[in-house]
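Have a look at the structure below before the remarks.
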Amino acid sequence: MKYQLVVGVIGLVMGRRHLFAAVDYGAEIGKICDLNPETLRKYQEEYHLSDGQCCTDWTEILNDPRINAVVIATPDQLHREMVEKCLAAGKHVLCEKPLALTREDICAIVSAAKKSNRKCMVGQISRFNSTFVKAKELVDKGVIGDIYYMETEYAHDYATILREWDPSMKEDVNKLASMWRSDPARHGVVGGGCHAVDLIRWFCGDPVEVSAYGTHRLLPQVTYDDATVAILKFSDQLMGKVFVSTGCKRPYTRLTCIYGTKGTLVCDSTKGEIQVYTIGEDGVKVNETPELVTVTVKDHNAVDEFKKFAQHIENDEVVEMDADLGARTVEVCLSIVRSAELGKPVAPDYSFAD
Ligand SMILES: NC(=O)c1ccc[n+]([C@@H]2O[C@H](COP(=O)([O-])OP(=O)(O)OC[C@H]3O[C@@H](n4cnc5c(N)ncnc54)[C@H](O)[C@@H]3O)[C@@H](O)[C@H]2O)c1
Numbered sequence: 089m090k091y092q093l094v095v096g097v098i099g100l101v102m103g104r105r106h107l108f109a110a111v112d113y114g115a116e117i118g119k120i121c122d123l124n125p126e127t128l129r130k131y132q133e134e135y136h137l138s139d140g141q142c143c144t145d146w147t148e149i150l151n152d153p154r155i156n157a158v159v160i161a162t163p164d165q166l167h168r169e170m171v172e173k174c175l176a177a178g179k180h181v182l183c184e185k186p187l188a189l190t191r192e193d194i195c196a197i198v199s200a201a202k203k204s205n206r207k208c209m210v211g212q213i214s215r216f217n218s219t220f221v222k223a224k225e226l227v228d229k230g231v232i233g234d235i236y237y238m239e240t241e242y243a244h245d246y247a248t249i250l251r252e253w254d255p256s257m258k259e260d261v262n263k264l265a266s267m268w269r270s271d272p273a274r275h276g277v278v279g280g281g282c283h284a285v286d287l288i289r290w291f292c293g294d295p296v297e298v299s300a301y302g303t304h305r306l307l308p309q310v311t312y313d314d315a316t317v318a319i320l321k322f323s324d325q326l327m328g329k330v331f332v333s334t335g336c337k338r339p340y341t342r343l344t345c346i347y348g349t350k351g352t353l354v355c356d357s358t359k360g361e362i363q364v365y366t367i368g369e370d371g372v373k374v375n376e377t378p379e380l381v382t383v384t385v386k387d388h389n390a391v392d393e394f395k396k397f398a399q400h401i402e403n404d405e406v407v408e409m410d411a412d413l414g415a416r417t418v419e420v421c422l423s424i425v426r427s428a429e430l431g432k433p434v435a436p437d438y439s440f441a442d
């Protein structure tokens, strides 16, 4: 018999996509939770849920014995406590990216995931973006030979969504809910840049060293750099570049170029078109007009992400995007931030659990 997933969703802004995905998959909705009663009511009505299925206190999800899987889509600072407690209560967990914001918190989550016998998956959603999925397929088929360089980005203007930083936010859950993106610990490279870092890790593996520079010219609301460029060394024959801007004056997109020994791919998270350049029959000349490989655009593809989570649970599979994977991505992000601060290269440390 099919495992009956009974899902709890905490945080309903990004979480609304997971709620949709869970329903689309055929999971039962146990409870939804949001601190904001209006947000909660909106989704209660949309999904025809009873009052008993809605709460503003997430521990009602934690303590509901029928709920066996929880999606955590709350501010990054809350992930650690929620993941640890949900796993300890015997729930499977899908936690939004970034796994957490500090080395201490990612280590604690990896350790909690190892100790539990539940599935713990991190929502690094770039790995479900349809354009990037197709690009990975082309690379794995050998269309461009071996990658020797890849560049990608996270360019997203936060100017209108940032509140001024207030340190008392840490003690007040309502303040946190409205200003969590301005926390100095939520550096743009970790908070949003983790999408680009995770994407490059998916294609190229774990960098052994990073060198970064930052500028702070666009977002006076925050104390951290709003633009960072990082060079990543994966091996002697493989390097990459990540650009993160949380103040950029252009619409959100993630232009990505993958350079291989036999060809090059140029693509973009928000366009369903991959430009493919390859060496022709003479073994030297490259086509000047790219071959176009097209896909239907699926950015923020929570439907396929949730499906993967559910299948891992139902088939008792090893989780591909596990806590360790999420921790590696955060560790690279933190190393980039540290390198820009110190003005010298930093080697990420990938040992997390005791
Ligand atoms: N995968 C992606 O592409 C993507 C996109 C956006 C955000 N995110 C991640 O998703 C998470 C949420 O981001 P968001 O954009 O939805 O943030 P948001 O601030 O827009 O919304 C968060 C929601 O959670 C609620 N909330 C806050 N604290 C809560 C608590 N203690 N209990 C219950 N509800 C609480 C808030 O009321 C709000 O409705 C973050 O970790 C963020 O980094 C991921």
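Positions in the sequence shown are counted from 1; adding 88 to them yields my numbering. We put the CB at the ideal spot given by N, CA and C, even for glycine.
Check: residue i C-beta below 7 Å from any heavy atom of ligand 1
i, result
"residue 97", "no"
"residue 253", "no"
"residue 355", "no"
"residue 341", "no"
"residue 122", "yes"
"residue 180", "no"
"residue 224", "no"
"residue 279", "yes"
"residue 213", "yes"
"residue 184", "yes"
"residue 146", "yes"
"residue 257", "no"
"residue 374", "no"
"residue 107", "no"
"residue 198", "no"
"residue 164", "yes"
"residue 244", "no"
"residue 275", "no"
"residue 127", "yes"
"residue 388", "yes"
Same chain, Cβ closer than 6 Å to residue i, five either side skipped, listed in chain order
i, result
"residue 322", "292, 293 and 295"
"residue 170", "160"
"residue 354", "345 and 363"
"residue 299", "319, 427 and 433"
"residue 115", "93 and 95"
"residue 263", "257"
Three-way DSSP call (helix, strand, coil) for residue i in this model
i, result
"residue 128", "helix"
"residue 383", "coil"
"residue 283", "helix"
"residue 176", "helix"
"residue 143", "strand"
"residue 333", "strand"
"residue 234", "coil"
"residue 101", "coil"
"residue 409", "coil"
"residue 399", "helix"
"residue 377", "coil"
"residue 169", "helix"
"residue 117", "strand"
"residue 160", "strand"
"residue 201", "helix"
"residue 359", "strand"
"residue 109", "helix"
"residue 293", "coil"
"residue 247", "coil"
"residue 93", "coil"
"residue 414", "helix"
"residue 390", "helix"
"residue 252", "coil"
Proximal residues to residue i (C-beta, below 7 Å), its chain only, five neighbours per side dropped
i, result
"residue 387", "217, 357 and 358"
"residue 285", "330, 417, 420 and 421"
"residue 349", "233, 234 and 236"
"residue 402", "90 and 91"
"residue 202", "441"
"residue 435", "296 and 297"
"residue 250", "269, 270, 307, 309 and 310"
"residue 341", "243, 356, 357 and 358"
Strand pairing of residue i, partner residues [DSSP]
i, result
"residue 328", "238 and 320"
"residue 353", "346 and 364"
"residue 194", "Paired residues: none, contrary to the question."
"residue 312", "According to DSSP, residue 312 bridges with nothing at all."
"residue 213", "Partner(s): none; residue 213 has no beta bridge."
Chain-order list of residues whose beta-carbon lies under 8 Å from that of residue i (same chain, five-residue window excluded)
i, result
"residue 226", "232, 353, 362, 364 and 381"
Q: Kindly confirm or deny that the segment 126-133 and the segment 415-425 touch, where touching means at least three C-beta pairs closer than 8 Å.
A: When C-beta atoms of the segment 126-133 are compared with those of the segment 415-425, fewer than three pairs fall below 8 Å, so the two segments do not count as touching.
Q. Do three or more CB pairs link the segment 237-250 to the segment 142-152 at distances below 8 Å?
A. No, the segment 237-250 does not touch the segment 142-152.
Q | Stretch-stretch touch, CB-based, cutoff 8 Å, three pairs: the segment 403-413 with the segment 98-110 | A | With a cut-off of 8 Å on Cβ pairs, the segment 403-413 is not in contact with the segment 98-110, counting fewer than three such pairs.
Q: State whether the segment 262-274 contacts the segment 164-184, with contact taken as three or more CB pairs (one from each stretch) at a distance under 8 Å.
A: A contact exists between the segment 262-274 and the segment 164-184.
Q) Do the segment 334-341 and the segment 305-320 meet, that is, are 3 or more Cβ pairs less than 8 Å apart? A) The segment 334-341 makes contact with the segment 305-320: 3 or more CB pairs, one atom from each, lie closer than 8 Å.
Q | the segment 170-188 touching the segment 206-221, judged by at least three CB pairs closer than 8 Å | A | The answer is yes - the segment 206-221 touches the segment 170-188, with three or more Cβ pairs under 8 Å.
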